[in-house]
Amino acid sequence: MEAGYTIPKKLFEGEKQFFIPLFQRQYSWKSKQWRDLWLDLLALHELTQTEPERKHFIGSVVMHPTNSVPVGVSKYAVIDGQQRLTTLFVLLVALRDVARA
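Below is the structure:
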């Protein structure tokens, strides 16, 4: 297993498919966890206004690469961080929809 640092853009860009293995718990984040993540992201946004190269740890995500289907699409089993990853996906989709309106 390799550990590494990445930015959310790299995590979400390109042809990737994520899946949650059956042994993982169901999505269970409530308003408090959403609010904590949102406040964390807002604080990071403020910091990057004065320190553009600022890095901030928002949590770990552990993924295991699996066979790609279709060819050219990287497929990953999300082993840890699925609550945070799912929430970030939902947030990005909501921001996209607001931008399109």
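According to our numbering, the stretch in the sequence shown is residues 22 to 122, in order.
For each residue, glycine too, the CB sits at the ideal point set by N, CA and C.
Next item on the list: Just grab the DSSP bridge partners of Lys96 for me.
Entry: Gln38 and Thr87
Next item on the list: To the nearest angstrom, report how far apart Gly35 and Thr69 are at their CA atoms.
Entry: 25 Å
Margin query: Suppose the cutoff is 6 Å on Cβ atoms and the five residues either side in sequence are ignored; what does the same chain contact list for Gln104 look like?
Written below: Trp50
Check: If you draw a straight line from the alpha carbon of Gln46 to that of Pro73, how long is it in whole angstroms?
Finding: The amino acid at residue 46 is misidentified as Gln; the sequence shows Arg. Taking the straight line joining both Cα atoms gives about 36 Å.
Note to self: Assuming Leu113 and Phe44 are in contact, meaning their beta carbons sit under 8 Å apart, how far apart are those beta carbons, in whole angstroms?
What the structure shows: No, Leu113 and Phe44 are not in contact; Cβ-Cβ is about 26 Å, not under 8 Å.
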